[in-house]
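Q:
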Amino acid sequence: MNAPIRPPQAAPAGSPPIARVGIDFTIGARRLASFQRALSTWRFALADVLAGPSAPLHPPPPGPDGLRVLSAPQALIEGAIALHPGYLVGLRQDYPRHYIDMRPDGGEDGAPDFAAYMAHFSGKTRSTLRRKAKKLAARPGGFEVSEHHTPGEIERFLELALPLSARTYQARLLDAGLPDTPDARRAMLEAAEAGAMRCFLLHAGPPGDRQPIAYLSLPVEDAVLVYAHLGYDPDWARLSPGTVLQMEALERLYAERAFTHFDFTEGDGAHKAMFATHYVPCASFVLLRPSAQNRALVAARSGFDGAVSGAKALAARSGLLAGARGFLRG
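Counting from 3, one number per residue, gives the positions in the sequence shown under the working numbering.
This is the structure:
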């Protein structure tokens, strides 16, 4: 028998807005179907993640269909679920939440040091990063990076970055491009007014015809840089513009001596893993109200994921068997 469900609460001022969140059925980067649910979002800040079991749990009121939980540290997941008795838990993704500790020597007094950060890479990785920058610089006209902090500079950033974002695979395949809405623009401008936005653009090409080819958007929360959006022109992908921009931005951000951490937020990825200095095991999931429709959706998604995983495992085994047969015949 399900535990009683708390009645919906009115969202207090300043609480996260309700968003239409797609429950997607995907294979690789291809979305086969998507079912929308109206959810509020409970995103764990890096400070909560680092606090671990001692972090307080303050979820926002659930939306009409429930709650989307982003980047909950493993130590707090059971407690987060227990606060919503009777809700359906689904779409769980476990991953390391990567971050850069920008404090010198992991937190001792003194100024953050980009050279010390670079020293955490292996010699091979440092060589690879330098080679990528040199390769892009060797193109006709080379490249330059522009910084955008003030409201006027953020307006210019959006003017150049939004058309670029629309062409990126992040926007086309992942719905993760720069948000192009009045609310998103207003939030960025308000943050810039408070000195809490850092945006960067990578421009390449001849001086008279430079084009933006990569962007990086970083809100600042309590001296923590939040990795909100990174994208690049797919036509330049082979020259690793995202990697080059990340390195250029980090060097400048370290020089400000104003930040304690760089938070790569939820989700894993090779880019995050390479640049991070630490990580904490986390998970994202949804907590859905137990309606018949939501029960069917969670069950369907679980069955679909199981079928996809089984097909991948079968394909891998088939490839191994084919390779073994070829070896034996040879």
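Glycine included, each C-beta is placed from N, C-alpha and C at the ideal position.
How would you label I29, buried or exposed, when you count the other beta carbons within 10 angstroms and need 16 or more for buried?
A: Classification of I29: exposed, given that the 10 Å Cβ count is below 16.
Q: Would you call the segment 205-219 in contact with the segment 264-273, where contact means no fewer than 3 C-beta pairs closer than 8 Å?
A: The answer is no - the segment 264-273 does not touch the segment 205-219, with fewer than three Cβ pairs under 8 Å.
Q: Out of S242, I83, P184, L289, which has the shortest C-alpha to C-alpha gap to A216?
A: With distances taken between Cα atoms, A216 lies closest to S242.
Q: For P75 versus S42, is the C-beta distance shorter than 7 Å?
A: No. Outside cutoff.
Q: Would the beta-carbon of W44 fall within 7 Å of that of P61?
A: Yes, the Cβ-Cβ distance between W44 and P61 is below 7 Å.
Q: Please determine if the segment 131-139 and the segment 233-248 are in contact, where contact requires at least 3 C-beta pairs separated by less than 8 Å.
A: Contact holds: three or more Cβ-Cβ distances are below 8 Å.
Q: Based on the DSSP output, what are the partners of I29 in its beta bridges?
A: The partner list for I29 (beta bridge, DSSP) reads R32.
Q: Just curious, the beta strand (DSSP E) that G92 is in, first and last residue?
A: 90-103 is the extent of the beta strand (DSSP E) around G92.
Q: Would you check if there are 3 or more beta carbon pairs closer than 8 Å linking the segment 303-312 to the segment 275-294?
A: At 8 Å Cβ cutoff, the stretches do not touch.
Q: Looking only at its chain, what residues have a beta carbon closer than 8 Å to the beta carbon of G108, apart from the 5 residues adjacent to it on each side?
A: Bear in mind that a pLDDT of 49 at G108, under 50, signals an unreliable position, so the number given afterwards is only what the model happens to contain. Nothing listed; no residue qualifies.
Q: Tell me, which residues are paired with E149 by DSSP?
A: E149 pairs with F202.
Q: So if DSSP puts A285 in a beta bridge, which residue, or which two residues, is it bridged to?
A: DSSP lists A74, D96 as partners of A285.
Q: Locate the alpha helix (DSSP H) running through Y256, then write down its first and last residues.
A: Element bounds for Y256: 243-258.
Q: Quick one: grab the DSSP three-state call for T43.
A: The answer is strand: DSSP assigns T43 an E or B state.
Q: Helix, strand or coil for L69 per DSSP?
A: Note: L69 maps to strand in three-state DSSP.
Q: Decide yes or no for the touch test of the segment 216-225 against the segment 179-197: beta carbon pairs closer than 8 Å, at least 3 of them.
A: Cβ pair count under 8 Å is three or more, so yes.
Q: Opposite D265 in the DSSP bridges: which residues?
A: In the DSSP output, where bridge partners are listed per residue, D265 has Y101, V228.
Q: Mind checking whether V282 and R70 have CB atoms under 7 Å apart?
A: No. Outside cutoff.
Q: By the DSSP assignment, the beta strand (DSSP E) with A216 in it spans what residues?
A: Its beta strand (DSSP E) spans residues 213-223.
Q: For L203 versus S148, is the C-beta distance shorter than 7 Å?
A: Contact: yes.
Q: Apart from the five residues on each side of it in sequence, which residues of its chain come closer than 7 Å, Cβ to Cβ, to L162?
A: So the qualifying residues of the chain are L203, P214.
Q: What do you get for V51, buried or exposed, if any count of 16 or more other CB atoms within 10 angstroms of its CB means buried?
A: Buried, since its Cβ has 16 or more Cβ neighbours within 10 Å.
Q: Rounded to the nearest angstrom, what separates S286 and R105 at their Cα positions?
A: Straight-line Cα distance between these residues: approximately 27 Å.
Q: Exposed or buried, which one is D67 when buried takes at least 16 other CB atoms within 10 Å?
A: By the 10 Å Cβ count, D67 comes out buried.
Q: Where does L34 land, buried or exposed, given buried means 16+ other C-beta within 10 angstroms?
A: L34 is exposed by the Cβ-count criterion.
Q: Which one of A49, D26, G24, D115 has the shortest CA to CA distance from D224?
A: That would be A49, whose Cα lies nearest to the Cα of D224.
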